[in-house]
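Protein chains in written order, with my numbering: chain A, 2 to 310; chain B, 2 to 310.
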């Protein structure tokens, strides 16, 4: 029996899971810290793969979900800002030489979209937009049942689309991106800035509430906290309207920590979406749902990539 | 020999061309006015098809490029504002009943993209963004060698993406769309508004210069006319940067009347594009060119659709 090995590399953790061909429940799964013991992240990954390698050697492929800018076809991590040394890293070549099996590579948010399409909330949809909203905003696009990579694997960078020209500074150093107005970071910044001007709220002056704490306060009726979600949802809906005009998906899947705040973000997003679409045709058959695979989306997306190989 | 019949329907003209399988030079081509003689546009189209129908009846299919919102898979024109009576028109069913051959339907800008990809400036590119910039702005997207239709055939509506939130009114009735700041209409409006405030220019107060006249004046050094193109190009580049982030094409093809102004629009667009992309990876291998097929793009796109059928 051929096994599929899926890898999800993040700035904090590396996860590896071994799957059979017939189940999304892994035969074996382990996670380690991305850095430590004086070894490079790639050395640590190789070590974990050696440790978990099936004794009979029957492996179909290694599929890797990695963050940052990648060239999936070439198997190169162009730049992954959270992982030291991962600049122009030919990860597929390195692992292929070591393990002598095909190595597949995909951006983690793109593969999360593929995972939701194959195994999660997007099953049955051929045209899908997946967004992960947490400290940042990322995404993935499936059109006509194909994961969209673009010419160099850089497609789906939907967090860095301009939502408010000349607006708040984004984590990337440019201004006004969707990530700068609708992410968890943006929600926390909204409250922090209003706190400093003395706006009444349950939070104490000088405190730094997280998006999760702000969601809890909003549910308890804190006006400022609700405003922060309304602002994030308004810009999210306005920009998602443009995504619909460009891509016309039949389902929008929201993942990431902020999506767990549910109606707090989805209701203002939906209102703004309806206001900004140019024709009701764009939303009349549009499903909007929360992601189903949670933290496993990247790993299961890597599995989906492996099964399609 | 099977013939391919291509139809390009516009608000002013209906064009029909008969092609062999092996050439993009039509065996026969005719055009008529869309309206007239007390007949409906669909009656006029049927009449022209009957007139041009090959005597031996050997026809592979009829492929139609039509404006407005369509459902290509269902063969329905949902709404074509410039063609009286074309609301929820089952055009494919009507023509299939009449002529007993398969009838294919596509949005005119989407099919122009397909035409440029198959026969024009986009040959050899698998990931292509086509924009037509004239009185309005439309477009079409090819990814992984597939025309992107989206779930309901509404994808590629790139003229109605927000470029300047709460900005100038668009032809569609919403504010700040790309079409409202970067189309020929927007360029003419820019000059008209400045004329009214007494800005020095070669144009007389109260005149209504067209985008084409403004391009000529810009080339002759008229400062206001150059400003109008710089403004249009700036917003175009900023919004195209977002299209690159989402789609990551390897070629951007510019068609439509305004694209013929060449460097006047392309230079400020390119400068703005470089300023707004989040990584140089998006433009380092990006080709930017003018469309090659001119007025024939829709007709040849319909032919391409027919050949792929």
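Built from N, CA and C at the ideal position, the CB exists for glycine as well.
For residue 200 of chain A, the number of other beta carbons within 10 angstroms of its own is below 16, and it is reported as exposed. Within the stretch 154-226 of chain A, the runs of alpha helix (DSSP H) that reach at least 4 residues and sit entirely inside it are, in chain order, 179-183, 185-197 and 212-220. Bridge partners of residue 72 of chain B according to DSSP: B:77. A Cβ-Cβ distance of about 7 Å is found for the pair residue 107 of chain B and residue 302 of chain B, placing them in contact under the 8 Å criterion.
Under a criterion of Cβ atoms nearer than 8 Å, the residues of chain B adjacent to residue 250 of chain A are, in order, 151 and 152. Identification of chain B residues near residue 155 of chain A by a Cβ-Cβ cut-off of 7 Å yields 249, 282 and 283, ordered along the chain. Between residue 96 of chain A and residue 28 of chain A, the C-beta gap is not smaller than 9 Å, which leaves the two residues out of contact.
At a beta-carbon threshold of 7 Å, the residues of chain A lying near residue 243 of chain B are 162 and 163, ordered along the chain. Rounded to whole angstroms, the Cβ separation of residue 246 of chain B and residue 162 of chain A is 6 Å, and the two are in contact under 8 Å.
For residue 188 of chain B, the nearest beta carbon of chain A is not closer than 9 Å to its own beta carbon. The alpha-carbon of residue 9 of chain B is positioned some 5 Å away from that of residue 66 of chain B. The continuous alpha helix (DSSP H) containing residue 266 of chain B extends over residues 264-277.
Of the residues B:72, B:116 and B:11, the one whose Cα lies closest to the Cα of residue 307 of chain B is B:116.
The beta carbon of residue 4 of chain A sits no closer than 9 Å to any beta carbon of chain B.
As computed with DSSP, residue 131 of chain A is found in a beta bridge with A:141 and A:254. Taking 9 Å as the CB threshold, residue 8 of chain B stays off the interface with chain A. Boundaries for residue 304 of chain A: no beta strand (DSSP E) harbours it, while the alpha helix (DSSP H) harbouring it runs 298-309, taken from the DSSP string.
Annotated three-state conformation of residue 109 of chain A is helix, per DSSP.
Residue 79 of chain A has a beta carbon lying within less than 9 Å of a beta carbon in chain B. Out of A:147, A:74 and A:192, the CA that lies nearest to the CA of residue 118 of chain A is found in A:147. Annotated three-state conformation of residue 102 of chain A is coil, per DSSP. In this structure, residue 92 of chain A keeps its C-beta atom at 9 Å or more from the C-beta atom of residue 256 of chain A.
Three or more Cβ pairs drawn from the stretch 232-239 of chain B and the stretch 273-282 of chain B lie within less than 8 Å of each other, which places the two stretches in contact. Within chain B, the residues placing a beta-carbon under 9 Å from that of residue 239 of chain A are 163 and 166, ordered along the chain. Secondary structure note for residue 51 of chain B: its alpha helix (DSSP H) is the uninterrupted segment 42-53.
Check the Cα spacing between residue 206 of chain A and each of A:195, A:213 and A:212: the tightest is with A:195. With contacts defined as CB atoms closer than 9 Å, residue 138 of chain B and residue 159 of chain B qualify as a contacting pair. Around residue 175 of chain A, the beta-carbon contacts reaching into chain B at under 8 Å are 277 and 279. Contacts with chain B at 9 Å (Cβ-Cβ) include residue 128 of chain A. Taking residue 130 of chain A as reference, the option from A:292, A:279, A:202 and A:203 with the minimal CA-CA separation is A:292. In the DSSP assignment, residue 5 of chain A falls within the beta strand (DSSP E) that extends over 4-10. Closest in alpha carbon position to residue 243 of chain B, among A:254, A:175 and A:267, is A:175.
DSSP places residue 240 of chain A in the helix class (H, G or I) of the three-state scheme. The three-state secondary structure of residue 97 of chain A, taken from DSSP, is helix. Looking only at A:289, A:20, A:210 and A:99, the smallest Cα-Cα distance to residue 190 of chain A is reached by A:210.
Boundaries for residue 259 of chain B: no beta strand (DSSP E) harbours it, and the DSSP string shows neither H nor E there.
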